[in-house]
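Peer 1: In my numbering, the protein residues as written are 2 to 373.
1) Assess, as a yes-or-no matter, whether the region 177-189 is touched by the region 247-267 under the definition of 3 or more beta carbon pairs within less than 8 Å.
2) If you compare alpha carbons, which of 272, 293 and 310 is closest to residue 302?
3) Which first and last residues belong to the alpha helix (DSSP H) in which residue 217 is found?
4) By how many angstroms is the C-alpha of residue 97 removed from the C-alpha of residue 137?
5) In the structure shown, what three-state DSSP assignment does residue 240 receive?
6) Taking the alpha helix (DSSP H) that residue 44 falls in, what are its first and last residues?
7) Could you tell me which uninterrupted alpha helix (DSSP H) segments, each at least 4 residues in length, are contained entirely in the region 230-307, listed from first to last along the chain?
8) Tell me, please, whether the region 274-281 touches the region 223-242 by the rule of three or more beta-carbon pairs shorter than 8 Å.
9) Quick one: using the 10 Å Cβ neighbour count with 16 as the cut-off for buried, is residue 127 buried or exposed?
10) I need the boundaries of the alpha helix (DSSP H) containing residue 222, first residue and last residue.
11) Out of 224, 196, 335 and 336, which one is the CA nearest neighbour of residue 245?
12) Would you call residue 299 buried or exposed, if buried means 16 or more other Cβ atoms sit within 10 Å of its Cβ?
13) Ordered along the chain, which non-local residues of its own chain (more than five positions away) have a Cβ less than 7 Å from that of residue 214?
14) Look up residue 186 in the DSSP assignment and give the residues it is bridged to.
15) Got a sec, what are the start and stop residues for the alpha helix (DSSP H) residue 94 sits in?
16) Measure the Cβ-Cβ separation of residue 117 and residue 242 and say whether it is below 7 Å.
17) Please report the distance separating the alpha-carbon of residue 1 from that of residue 95.
18) Could you tell me which of 240, 146 and 216 sits nearest to residue 189, measuring between CA atoms?
19) Could you tell me whether the region 137-149 touches the region 105-117, using the rule of 3 or more Cβ pairs below 8 Å?
20) Just how far apart, CA to CA, sit residue 23 and residue 82?
21) Got a sec? Which residues, its chain only, sit under 7 Å from residue 36 by beta carbon, not counting five neighbours each side?
22) Of the choices 238, 133, 84 and 122, whose alpha-carbon is the least far from that of residue 148?
23) Could you tell me how far apart the beta carbons of residue 207 and residue 358 are, in whole angstroms, since I believe they sit closer than 8 Å?
24) Residue 128 by DSSP, collapsed to three states: which one?
25) Does the Cβ-Cβ distance between residue 342 and residue 130 come in under 7 Å?
26) Label residue 219 either buried or exposed according to how many other C-beta atoms from any shown protein chain fall within 10 Å of its C-beta, with 16 as the threshold for buried.
27) Judging by CA-CA distance, which residue of 102, 62 and 72 is the nearest neighbour of residue 376?
28) In chain order, what residues of the same chain lie with their CB nearer than 6 Å to the CB of residue 139, ignoring the 5 residues before and after it?
29) Does DSSP classify residue 171 as helix, strand or coil?
30) Anyone know if the C-beta pair for residue 272 and residue 328 falls short of 7 Å?
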C-alpha cells in the first residue's frame with residue numbers, strides 16, 4: 002500500500018522510483034510497458050494536411066511577396082535589414098511547423114489524453130505553466146536581453162565572427178564551407194554533438210548545476226520542456242559557438258543543423274514512450290532515454306547525456322542497467338521550485354546559487370596557491 006505518496010514504477014526494470022520522503026510498504030506487481038502504437042483518424046490527418054498546406058502557402062508568400070532586404074530610417078539614421086527571408090522562415094518554422102509537427106506526432110502515438118497539448122492547456126499543472134511561460138519568453142527580445150546580461154555577453158558571441166578573427170590572426174582556416182553540403186552537415190553535426198555532450202556533462206558539474214537545475218526541475222515532460230533553459234547557461238558556448246568558430250560551415254548548413262537539433266530536443270522531451278530501437282541506442286537519443294536522464298532517483302549515476310548516444314557509449318555514460326521508463330517515472334530535482342507562470346523567482350534564485358557556488362571554489366584554488 003502507498004500511504005498518500007505518489008510512487009512510480011520504472012517499466013521492465015523492477016526498480017521503484019519515488020520522491021524523497023515517500024514510503025512504500027508493499028510493492029504491487031511491475032507490469033511491462035507496451036511500445037506505443039500509432040493510431041490516427043482520417044479527419045485528424047486531413048486537418049493536419051490542410052494545416053501544412055497553409056504553412057506552405059505562407060512560406061511561398063514570404064519568399065515571393067516580401068523583400069529580402071529593407072532599409073529603415075529612424076532618428077536620422079538609416080538601418081538596413083538583410084536576409085529577411087531566411088530569418089523569417091527559420092524562426093517561423095519552429096513556431097508553425099516544428100512544434101505543431103511534434104505535437105501531432107505525439108497525439109498519434111499517445112492519443113489526446115497523453116499529449117503535451119492537453120497537459121499544457123487543460124491540466125495546466127504548475128510545472129507545465131512554467132514551460133509555457135519560458136516558451137513565450139523565448140519568442141520575445143526580452144529573453145535575448147536576459148541571456149546577454151546574465152551570461153555577461155559570453156553566450157551571444159558569434160562563432161562565425163570568431164572564425165573570421167581567428168583566421169586573420171593565425172592565417173589558418175579549417176573552414177569546410179567549400180565542401181559538399183552533405184559533408185558539411187556530417188562534419189558540423191558530429192562536432193556539435195561531441196561538444197554538446199561535454200557541454201551537458203559540464204552542466205551536471207558542481208559549479209554549473211545550479212543553472213542547469215532549472216531545466217531538470219520540470220516534474221513532468223511536455224514538448225515545451227525543451228526550452229526550459231536558464232538564460233545564463235554559460236556552458237552553451239561550447240556547442241553553440243565553438244563548432245562554427247572552428248569549422249566555419251556555410252550559414253545554410255549551420256541553420257539546417259540547428260533546426261534538426263531543435264526538432265530533436267522537442268521530440269526527446271515529448272510524452273512519446275519509445276526508445277527508437279537501435280536508432281535510439283546509437284544514432285539519436287530517444288524520449289525514453291532522455292526521461293531516464295531526468296529521473297529524480299539518484300541511486301544510479303546520471304547517464305544518457307548525448308543527443309547522439311554513440312558518445313555515451315564511448316565515454317561510459319550509457320546506462321544499460323537503468324532499464325526503461327514511461328510517464329510514471331518520477332522526474333525532477335530535490336530542490337524546491339515555485340513553478341507556475343511566474344518563473345522570475347526561480348531563475349533569479351538559481352542565478353544567485355551559481356555565483357554563491359563559485360566562492361568556495363575560488364577561495365580553495367587561491368588557498369592552494371598561497372594567495373589567501
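All C-beta atoms in this analysis are idealised placements derived from N, C-alpha and C, irrespective of residue type, glycine included.
Peer 2: The answer reads as follows:
1) Yes, the region 247-267 is in contact with the region 177-189.
2) Nearest of 272, 293 and 310 to residue 302, Cα basis: 293.
3) Start and end: 210-217.
4) Cα-Cα distance, rounded: 14 Å.
5) Residue state, collapsed to three classes: helix.
6) Its alpha helix (DSSP H) spans residues 43-66.
7) Look at the region 230-307 and you find these whole runs of alpha helix (DSSP H), each 4 residues long or longer: 238-241, 243-248, 252-269, 278-283 and 288-294.
8) Contact fails: fewer than three Cβ-Cβ distances are below 8 Å.
9) Residue environment: residue 127 is assigned as exposed (fewer than 16 neighbouring CB atoms within 10 Å of its CB, all protein chains considered).
10) Going by DSSP, residue 222 is part of no alpha helix (DSSP H) at all; its letter is neither H nor E.
11) Cα-wise, what sits closest to residue 245 is 196.
12) It counts as exposed.
13) Residues of the same chain with a CB within less than 7 Å of the CB of residue 214, apart from the 5 flanking positions on each side, are 334, 336 and 351 in chain order.
14) Partner(s): none; residue 186 has no beta bridge.
15) Counting along the chain, the unbroken alpha helix (DSSP H) around residue 94 starts and ends at 85-94.
16) The Cβ-Cβ distance between residue 117 and residue 242 does not fall below 7 Å.
17) The question about residue 1 has no answer here: the residues shown for the chain are numbered 2 through 373.
18) The candidate whose alpha carbon is nearest that of residue 189 is 240.
19) With a cut-off of 8 Å on Cβ pairs, the region 137-149 is not in contact with the region 105-117, counting fewer than three such pairs.
20) With a pLDDT of only 35 at residue 23, under 50, the local geometry of the prediction cannot be trusted, and the value read off the model is given with reservation. Take the alpha-carbon of residue 23 and the one of residue 82: they are about 57 Å apart.
21) Confidence at residue 36 is low in this model, with a pLDDT of 47, below 50, so its placement is unreliable and the value that follows should be read with caution. Excluding sequence neighbours, residue 36 sits near 275.
22) Minimum Cα distance to residue 148 is reached at 238.
23) For residue 207 against residue 358, the beta-carbon gap comes to about 7 Å, under 8 Å, which counts as contact.
24) DSSP places residue 128 in helix when its eight states are reduced to three.
25) Yes, they are a contact pair.
26) With 16 or more Cβ atoms within 10 Å of its Cβ, residue 219 is classed as buried.
27) Lying before the first or after the last residue shown, residue 376 is absent from the chain, which here runs from 2 to 373.
28) Counting only Cβ-Cβ distances below 6 Å, and skipping sequence neighbours, we find 228.
29) DSSP places residue 171 within a helical segment (H, G or I) once states are collapsed to three.
30) A contact, by the Cβ cut-off of 7 Å.
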